[in-house]
Amino acid sequence: MVGLGGKEGTMEKKMMVKKQLNNNHQNTPRFASHSTLLLFSAAVFAILTTTAAAQPFDYADALAKSLLYFESQRSGRLPYNQRVTWRDNSGLTDGLEQGVDLVGGYYDAGDHVKFGLPMAFTVTMLSWGIIEFHDEIAIAGELEHALEAIKWGTDYFIKAHTSPNVLWAEVGDGDTDHYCWQRPEDMTTSRQAYKIDQSNPGSDLAGETAAAMAAASIVFKKTNPHYSLLLLHHAQELFEFGDKYRGKYDGSVAVVKNYYASVSGYMDELLWAALWLYEATDKEEYLKYVVNNADAFGGIGWAITEFSWDVKYAGVQIMASKLLEKEKHKQHAHILKQYRSKAEYYLCSCLNKNNDTTTNIDRTPGGLLYIRQWNNMQYVTTAAFLLTIYSEFLQDSNQNLHCPAGTVDHEEILSFAKSQVDYVLGSNPMNMSYLVGYGSKYPTKVHHRGSSIVSYRENKGFIGCTQGYDHWYNRAEVNPNVLVGAVVGGPDSEDNFWDQRDNYMQTEACTYNTAPLVGVLAKLLLLEENHELELFASY
1 MVGLGGKEGT
11 MEKKMMVKKQ
21 LNNNHQNTPR
31 FASHSTLLLF
41 SAAVFAILTT
51 TAAAQPFDYA
61 DALAKSLLYF
71 ESQRSGRLPY
81 NQRVTWRDNS
91 GLTDGLEQGV
101 DLVGGYYDAG
111 DHVKFGLPMA
121 FTVTMLSWGI
131 IEFHDEIAIA
141 GELEHALEAI
151 KWGTDYFIKA
161 HTSPNVLWAE
171 VGDGDTDHYC
181 WQRPEDMTTS
191 RQAYKIDQSN
201 PGSDLAGETA
211 AAMAAASIVF
221 KKTNPHYSLL
231 LLHHAQELFE
241 FGDKYRGKYD
251 GSVAVVKNYY
261 ASVSGYMDEL
271 LWAALWLYEA
281 TDKEEYLKYV
291 VNNADAFGGI
301 GWAITEFSWD
311 VKYAGVQIMA
321 SKLLEKEKHK
331 QHAHILKQYR
341 SKAEYYLCSC
351 LNKNNDTTTN
361 IDRTPGGLLY
371 IRQWNNMQYV
381 TTAAFLLTIY
391 SEFLQDSNQN
401 LHCPAGTVDH
411 EEILSFAKSQ
421 VDYVLGSNPM
431 NMSYLVGYGS
441 KYPTKVHHRG
451 SSIVSYRENK
461 GFIGCTQGYD
471 HWYNRAEVNP
481 NVLVGAVVGG
491 PDSEDNFWDQ
501 RDNYMQTEAC
511 TYNTAPLVGV
521 LAKLLLLEEN
531 HELELFASY
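Residue numbers (UniProt numbering): 1 to 539.
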């Protein structure tokens, strides 16, 4: 069990420890100071040794590396402060054929297509992480990097939203892109851009992009108010567009169907966007939208056991249920309680606390939540995030989670979320860190074009489409560039993992795998520091 402490408690505890040490020093006779110092040093060493044995994970290092990953995935002209030096400029003509500037944004995974839906979900989760754990990320010294990661995405969304009812959904297409194995700097594949508009709707994409920009507007409200208002303006327009012209985006952009099909439809994204707009504006109209459409849009009907770039219901339900604690929302209590019931179904399924075992999420023998074979880690990191924020909510409101198979307190919930993060970092049967670059053993043959080919900055010689397959994809050697901070797809249902470049189900990483971890790692880091300070203070 990790030591628990409030968000504002760290500095106070540091001052308390410092004051206590000063008092000890002032009250100690001079002749005893040397022996006291030796005893104190021994005690400190014992505490640090005990703490290190109990907690072998360096959450600060994991947090820093997780944010570094987003710099590896950047498309466009890289900034002067780019820290991932094996990358260079790419996609500098994106949108040119269509007469629009679509330079920038993120590549979602190991290829070079810019898919709008997962990119937007990545930004929403990064923003939510800062909203919930702003102080923790700031104390860790990573706030600026987190803000940069968000802004790289939102700057692109501003470009992609060229008019109120037009949003560019994708640049490139998976079929032609996957035919080649090239560095992004050498791309020769199609960079055709695809859009949604009132004749070709995409309410799911518009809704998720609205959610991302609304959430980001909250993040930037104090530090960059003008930019925050700009993001909010785009978010409101996108929500109106998505709500007025309804339809699934994969019906309008057919090339996306084999890669990011909207299986859950668009209703969850519209509820999601409305909730984020309510959080950003406090306008009652957005809350009423969530309440009035709760039943028709499945918000209080769907009991879900996953939270992902496609399925937002669990996130919607948890956000809505947290509104119950505010007096001004009591008039909507009947509906909000139903949202909360579905949120708790999700949480209880993660915790193995539903009576019907078929409704609990499976676990590997090593204890990892297991949803499906392909890129399972995406569901693990989102679950860890939702469990962590709900644990904090229960702690702040002095409540417990009541599951069919028993009551769970906030500490148990957080402890389980921590176990999932620790599994990712190496506490697993393979002793493998699935966060690339972290620890002594991690995937070295990640399914990632740029990582697997010699850096453009080291060798600018052009590498052709199939040449990459011939000379780099099939190599037995490890990737020449470490994709630091990437969370790969992870092990199978029996905790087995094969570190092979062609094993894309397990070795490909995605931006939306890492994004939910950022806030959780910052939270766990501060809790560990608080726990160590409490040990010092008790001494």
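No residue lacks a Cβ here, since even glycine has one placed at the ideal position from N, Cα and C.
By the three-class DSSP mapping on this structure, what secondary structure does residue i have?
{"i": "D356", "result": "coil"}
{"i": "C350", "result": "helix"}
{"i": "R340", "result": "helix"}
{"i": "R402", "result": "Checking the displayed sequence, the identity of residue 402 turns out to be His instead of Arg. Three-state result, H402: strand."}
{"i": "Y456", "result": "coil"}
{"i": "S264", "result": "coil"}
{"i": "V436", "result": "coil"}
{"i": "S66", "result": "helix"}
{"i": "L525", "result": "helix"}
{"i": "V520", "result": "helix"}
{"i": "A417", "result": "helix"}
{"i": "residue 586", "result": "With the chain represented from 1 up to 539, any question about residue 586 goes unanswered, as that position is not in the structure."}
{"i": "L126", "result": "helix"}
{"i": "S163", "result": "strand"}
{"i": "R449", "result": "helix"}
{"i": "K312", "result": "coil"}
{"i": "residue 556", "result": "Nothing about residue 556 can be read from this structure; the chain reaches only from 1 to 539."}
{"i": "V478", "result": "coil"}
Taking all protein chains shown into account, decide if residue i is buried (16 or more other Cβ within 10 angstroms of its Cβ) or exposed.
{"i": "T514", "result": "buried"}
{"i": "D108", "result": "buried"}
{"i": "Y179", "result": "exposed"}
{"i": "E494", "result": "exposed"}
{"i": "R372", "result": "exposed"}
{"i": "H410", "result": "buried"}
{"i": "A229", "result": "In the sequence on display, residue 229 carries Leu and not Ala. L229 comes out exposed."}
{"i": "K330", "result": "exposed"}
{"i": "H25", "result": "Unreliable positioning characterises H25 in this predicted model, as indicated by a pLDDT of 34, which lies under 50. The coordinate reading is nonetheless provided below. Its Cβ having fewer than 16 others within 10 Å, H25 is exposed."}
{"i": "P365", "result": "exposed"}
{"i": "K288", "result": "exposed"}
{"i": "N376", "result": "buried"}
{"i": "F462", "result": "exposed"}
{"i": "N479", "result": "buried"}
{"i": "A149", "result": "buried"}
{"i": "N354", "result": "buried"}
{"i": "S33", "result": "At S33, the pLDDT of 34 sits below 50, so the modelled position is not reliable; the number obtained from the coordinates is stated separately. The residue in question, S33, is exposed, as its Cβ has fewer than 16 Cβ neighbours within 10 Å."}
{"i": "H182", "result": "In the sequence under discussion, the amino acid at residue 182 is Gln, which differs from the His named in the question. It is buried - the Cβ of Q182 has at least 16 other Cβ atoms within 10 Å."}
Check whether the Cβ atoms of residue i and residue j lie closer than 7 Å to each other.
{"i": "E237", "j": "A120", "result": "no"}
{"i": "L67", "j": "A140", "result": "no"}
{"i": "E279", "j": "K523", "result": "no"}
{"i": "V488", "j": "Y434", "result": "yes"}
{"i": "N481", "j": "S451", "result": "yes"}
{"i": "A486", "j": "V421", "result": "no"}
{"i": "L277", "j": "V290", "result": "no"}
{"i": "S217", "j": "L232", "result": "yes"}
{"i": "V103", "j": "G76", "result": "yes"}
{"i": "V446", "j": "T511", "result": "no"}
{"i": "V235", "j": "M213", "result": "According to the sequence provided, residue 235 is Ala. The question's Val does not apply to it. For A235 and M213, yes; Cβs fall inside 7 Å."}
{"i": "K312", "j": "E269", "result": "yes"}
{"i": "V123", "j": "G153", "result": "yes"}
{"i": "V408", "j": "L368", "result": "no"}
{"i": "D101", "j": "K159", "result": "yes"}
{"i": "G315", "j": "Y249", "result": "no"}
{"i": "I413", "j": "S391", "result": "yes"}
{"i": "G298", "j": "M319", "result": "no"}
From which residue to which residue does the beta strand (DSSP E) around residue i run?
{"i": "A235", "result": "Element bounds for A235: not the beta strand (DSSP E) but the alpha helix (DSSP H), 225 to 244."}
{"i": "A509", "result": "That residue, A509, is in no beta strand (DSSP E); it is neither H nor E in DSSP."}
{"i": "V171", "result": "167 to 171"}
Could you name the residues of the same chain whose beta carbon sits closer than 7 Å to that of residue i, not counting the 5 residues immediately before and after it, in chain order?
{"i": "S308", "result": "Q378, Y379, T382"}
{"i": "L48", "result": "Note that L48 scores a pLDDT of 40, beneath 50, so its modelled location is shaky; the value from the coordinates is reported in the next line. The answer is none, since no qualifying residue turns up."}
{"i": "N27", "result": "Only weak support exists for where N27 lies, its pLDDT of 35 falling under 50; the coordinates are left without a value."}
{"i": "M432", "result": "G426, K441, Y442, F497"}
{"i": "D197", "result": "N165, V166"}
Within its chain, find whatever has a CB closer than 6 Å to the CB of residue i; leave out the 5 residues flanking it on each side and keep chain order.
{"i": "D88", "result": "E185, Y456, R457"}
{"i": "P429", "result": "G366, D495"}
{"i": "Q98", "result": "A193"}
Let's see if you can read the secondary structure: which residues bound the alpha helix (DSSP H) around residue i?
{"i": "K195", "result": "Where K195 is concerned, there is no enclosing alpha helix (DSSP H), although the beta strand (DSSP E) it sits in stretches over 193 to 196."}
{"i": "A254", "result": "First-last for A254: undefined, no H or E at that position."}
{"i": "W86", "result": "Counting along the chain, W86 falls outside any alpha helix (DSSP H), and DSSP gives it neither H nor E."}
{"i": "Y106", "result": "Here Y106 belongs to no alpha helix (DSSP H), and DSSP marks it neither H nor E."}
{"i": "E325", "result": "Where E325 is concerned, there is no enclosing alpha helix (DSSP H), given that its DSSP letter is neither H nor E."}
{"i": "L386", "result": "377 to 397"}
Kindly list the residues whose CB is nearer than 8 Å to the CB of residue i, restricted to its own chain and excluding five residues on each side of it in sequence; keep chain order.
{"i": "L92", "result": "G76, R77, V103"}
{"i": "E170", "result": "V113, K114, F115, G116, A193, Y194, V253, V255, V256"}
Cβ of residue i within 6 Å of any heavy atom in the ligand ADP?
{"i": "T364", "result": "With respect to the ligand ADP, the structure shown offers nothing to examine, as it has no ligands at all."}
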